[in-house]
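First up is the structure itself, then whatever we jot down about it.
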Amino acid sequence: MAKILMIDDDEMLTESLSAFFQQHQFEFSYTNDPTLAIELIESDAPQLLLLDITMPKIDGFTLCKQIRESYSLPIIMLTARGRLEDKVHGFEIGVDDYLPKPFEPLELLVRVQALLRRSLTSQPSKPESHQLMRFSGLEIYPSQQRVILDNEEIKLSGMEFHLLHTLASNPGKVYNREQITGALKGVEVDLFGRAVDILLSRLRQKLNDSASSPRFIKTIRGIGYTFIAAQDEIA
1 MAKILMIDDD EMLTESLSAF FQQHQFEFSY TNDPTLAIEL IESDAPQLLL
51 LDITMPKIDG FTLCKQIRES YSLPIIMLTA RGRLEDKVHG FEIGVDDYLP
101 KPFEPLELLV RVQALLRRSL TSQPSKPESH QLMRFSGLEI YPSQQRVILD
151 NEEIKLSGME FHLLHTLASN PGKVYNREQI TGALKGVEVD LFGRAVDILL
201 SRLRQKLNDS ASSPRFIKTI RGIGYTFIAA QDEIA
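In UniProt numbering, the protein residues as written are 1 to 235.
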């Protein structure tokens, strides 16, 4: 049973969604106090987080930044603020999906299922030695969602990891924005072209990569992106 944690100060909404998701065989917990978020993530180990933006004491953007310092679980941001600037900022700080309020619980359910399915399907059933993807200076462990860059582990959000895994699984293949969106989501959701570029930029920063002199991800002007690092043989 998948575990979901919701952080939202709207008591009626959290109670109604709790009942809804439990009816659909999810383990659902919530808090209306955002200051308890980190503690609950640590104690409950949820597989996905639902996060509101406008809350007392601490806003969702600030909280998301704090969470991303230590955790890579998928985050869906729920908010009455539907401005494009808010969406862009959310993707910049590591949000995986964005759903404006008011929304239908069924639409949220579909998005939750898509993100969880993507996490599960990224974990191959082969032995660990064959799961390892090794390139010059870079190691990717799909089953653990771990990335080692120049012998040091780096922290990636769920979407950042899946983007890297998608590109690295097919070195030399050029992906356009639509293909990247489809690979990351698996369903039609509110991910737009600029969000893809923001995601690529954020991933490059964490990989210490450069668009002008790429080590891992190369931009094909007017077309898309491709993974160019040389693959090492695994003993």
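We put the beta carbon where it would ideally sit given N, CA and C, even for glycine.
The structure displayed is predicted, hence computed values, not measured ones.
According to DSSP, simplified to helix, strand and coil, what is residue i?
{"i": "residue 31", "result": "strand"}
{"i": "residue 52", "result": "strand"}
{"i": "residue 128", "result": "Model confidence at residue 128 stands at a pLDDT of 42, short of 50, so the residue's coordinates are unreliable; what they give is reported in the following sentence. DSSP places residue 128 in helix when its eight states are reduced to three."}
{"i": "residue 122", "result": "Residue placement at residue 122 is poorly supported in this model, since its pLDDT is 49, which falls under 50; the coordinates still yield a value, given next. Correct three-state label for residue 122: coil."}
What do you get for residue i, buried or exposed, if any count of 16 or more other CB atoms within 10 angstroms of its CB means buried?
{"i": "residue 236", "result": "The shown model of the chain, from 1 to 235, leaves out residue 236, and the question about it has no answer."}
{"i": "residue 6", "result": "buried"}
{"i": "residue 47", "result": "buried"}
{"i": "residue 66", "result": "exposed"}
{"i": "residue 211", "result": "exposed"}
{"i": "residue 97", "result": "buried"}
{"i": "residue 127", "result": "A caution first: residue 127 carries a pLDDT of 37, below 50, which makes its placement in the model unreliable, though a value can still be read off. It is exposed - the Cβ of residue 127 has fewer than 16 other Cβ atoms within 10 Å."}
{"i": "residue 8", "result": "buried"}
{"i": "residue 124", "result": "Residue placement at residue 124 is poorly supported in this model, since its pLDDT is 40, which falls under 50; the coordinates still yield a value, given next. The residue in question, residue 124, is exposed, as its Cβ has fewer than 16 Cβ neighbours within 10 Å."}
{"i": "residue 223", "result": "exposed"}
{"i": "residue 106", "result": "exposed"}
{"i": "residue 19", "result": "exposed"}
{"i": "residue 83", "result": "exposed"}
Of the choices the options, whose alpha-carbon is the least far from that of residue i?
{"i": "residue 33", "options": "16, 58, 26 and 171", "result": "58"}
{"i": "residue 103", "options": "160, 171 and 13", "result": "13"}
{"i": "residue 151", "options": "145, 163, 137 and 144", "result": "137"}
{"i": "residue 206", "options": "69, 42 and 21", "result": "69"}
{"i": "residue 73", "options": "84, 95 and 91", "result": "95"}
{"i": "residue 24", "options": "221, 158 and 108", "result": "108"}
{"i": "residue 238", "options": "113, 91 and 140", "result": "Lying outside 1 to 235, the shown extent of the chain, residue 238 is not represented and no answer is given."}
{"i": "residue 177", "options": "219, 18 and 39", "result": "219"}
{"i": "residue 260", "options": "38, 144 and 148", "result": "With the chain represented from 1 up to 235, any question about residue 260 goes unanswered, as that position is not in the structure."}
{"i": "residue 203", "options": "149, 214 and 160", "result": "160"}
{"i": "residue 39", "options": "26, 71, 19 and 56", "result": "71"}
{"i": "residue 133", "options": "42, 231 and 15", "result": "231"}
{"i": "residue 155", "options": "146, 163 and 18", "result": "146"}
Inset, instruction - Please specify which runs of the alpha helix (DSSP H), each continuous and at least 4 residues long, are wholly inside the UniProt DNA-binding region "OmpR/PhoB-type" (130 to 229), giving them in chain order. - result: Those alpha helix (DSSP H) runs which fall completely within the UniProt DNA-binding region "OmpR/PhoB-type" (130 to 229) and span 4+ residues are 158 to 168, 177 to 185 and 193 to 206.
Inset, instruction - Output the residue ranges of the beta strand (DSSP E) runs that lie fully inside the UniProt domain "Response regulatory" (3 to 116) and measure 3 residues or longer, sorted by chain position. - result: Counting whole runs of 3 or more residues, the UniProt domain "Response regulatory" (3 to 116) contains the beta strand (DSSP E) stretches 3 to 7, 27 to 31, 48 to 52, 75 to 79 and 97 to 100.
Legend entry - Contact the region 158 to 175 vs the region 218 to 234: 3+ CB pairs below 8 angstroms: Contact between the region 158 to 175 and the region 218 to 234 is present, because at least three Cβ pairs lie under 8 angstroms.
Legend entry - Touching by the beta-carbon criterion (3+ pairs, under 8 angstroms), the region 75 to 90 and the region 48 to 57: Yes, since at least three Cβ pairs between the region 75 to 90 and the region 48 to 57 fall closer than 8 angstroms, the two stretches touch.
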